[in-house]
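Enquirer:
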Amino acid sequence: MDDMTMSAGMDTSAWMDVALQRAEESLRKGEVPVGCLFVYNNEAIATGNNTVNETCNATRHAEINCIDQVLRFCREKQLDHETVFQDLDVIVTVEPCIMCVSALLQLCVRSIVYGCANDRFGGCRSVLEIPSLYEPKTTIQGDVKADEAMKLLKDFYKGSNPNAPESKVNKKGRKAKETVVLTENQKTSRMASYARSHILAGSSPRSRTSAGNRRRPRTCPGPAVELGQEEKIKGRII
1 MDDMTMSAGM
11 DTSAWMDVAL
21 QRAEESLRKG
31 EVPVGCLFVY
41 NNEAIATGNN
51 TVNETCNATR
61 HAEINCIDQV
71 LRFCREKQLD
81 HETVFQDLDV
91 IVTVEPCIMC
101 VSALLQLCVR
111 SIVYGCANDR
121 FGGCRSVLEI
131 PSLYEPKTTI
141 QGDVKADEAM
151 KLLKDFYKGS
161 NPNAPESKVN
171 KKGRKAKETV
181 VLTENQKTSR
191 MASYARSHIL
201 AGSSPRSRTS
211 AGNRRRPRTC
221 PGPAVELGQE
231 EKIKGRII
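The sequence shown lines up with residues 1 to 238 when you count with UniProt numbering.
Below you can see the structure in the form of structure tokens.
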């Protein structure tokens, strides 16, 4: 992570620029474009992005991947991970989801700085205010380069996620449409075959009825017929 080390004078905005670069990498890989940094002693000891599609694991968010990296860092450096997390600042391009915020607060990180709000899953305040459940000492700041972070999300959702499950509504609608088309084709084929067989037999399909199963004449509502006109109408029909 030497290339990620920054001077003490570097501000939050500069850290967010680095996180946005990671988010752009995610976008190119077909992942939800979220970039994350865990900064300890002015060094990014963990950098991550979503790997949900790559791993087919819905929990592999950028923050969770960074947590795993910090734990490895502490083992390698023989540091107490609880102490490290308490002196650690989280920089992430999108408001962490409910799962990730809960994990970060339980680890007692020093601060969480995020870019744009997460209106679907945000756990800082957008959907559920998880910090109110823990009463942590963690400071939380949002809306840092939010426009840049939101643009990456919009670019992602303009395309299609090949690993996303197909919409059940669209799937059912398409199947229903295919079934209707198939049924109409079958009806047409059967009617043609039925008519052809009766024509070859020399009779009309409508006129063939068995003696014990004669069809009743159809009746439909119409204008009243005056007495004396009924015979005239029958005579014209005959």
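Glycine residues also receive a C-beta, built at the ideal position from the N, C-alpha and C atoms.
(1) Taking the beta carbon of Cys56 as the centre, do at least 16 other beta carbons fall within 10 Å, making it buried, or is it exposed?
(2) Which residues in the same chain as Glu148 place their Cβ atom closer than 6 Å to its Cβ, once the five residues preceding and following it in sequence are excluded?
(3) Extract the residue ranges of the beta strand (DSSP E) inside the stretch 77 to 150, only unbroken runs of 3 or more that lie entirely within it.
(4) Would you call the CB atoms of Glu31 and Val52 closer than 8 Å?
(5) With three or more C-beta pairs closer than 8 Å as the rule, is the stretch 72 to 89 touching the stretch 105 to 113?
(6) Take every Cβ of the stretch 125 to 143, pair it with every Cβ of the stretch 70 to 77, and state whether three or more of those distances are shorter than 8 Å.
(7) With respect to the alpha helix (DSSP H) encompassing Glu24, which residues constitute its N-terminal and C-terminal limits?
(8) Check whether the Cβ atoms of Glu63 and Cys100 lie closer than 8 Å to each other.
(9) Express the C-alpha separation of Tyr40 and Leu107 in angstroms, rounding to a whole number.
(10) Under a three-way DSSP split, which group does Thr51 fall into?
(11) Quick check: Glu82 and Gly122, are their CB atoms within less than 8 Å of each other?
(12) Check whether the Cβ of Met99 lies closer than 8 Å to any Cβ atom in chain B.
(13) Compare the Cα-Cα distances from Pro33 to each of Asn118, Ser126 and Leu79 and report the closest residue.
(14) Taking the DSSP output, what are the residues bridged to Phe38?
(15) Count the other CB atoms within 10 Å of the CB of Ser26; is the residue buried (16 or more) or exposed (fewer)?
Expert: Considering the structure as presented:
(1) exposed
(2) Leu20
(3) 88 to 94, 111 to 116 and 139 to 141
(4) yes
(5) yes
(6) no
(7) Per DSSP, Glu24 is one residue of the alpha helix (DSSP H) stretching across Thr12 to Arg28.
(8) yes
(9) 14 Å
(10) coil
(11) no
(12) In the displayed structure, chain B is absent; only one protein chain is listed.
(13) Asn118
(14) Its beta-bridge partners are Ala46 and Val90.
(15) Ser26 counts as buried, since at least 16 other C-beta atoms from the protein chains shown sit within 10 angstroms of its C-beta.
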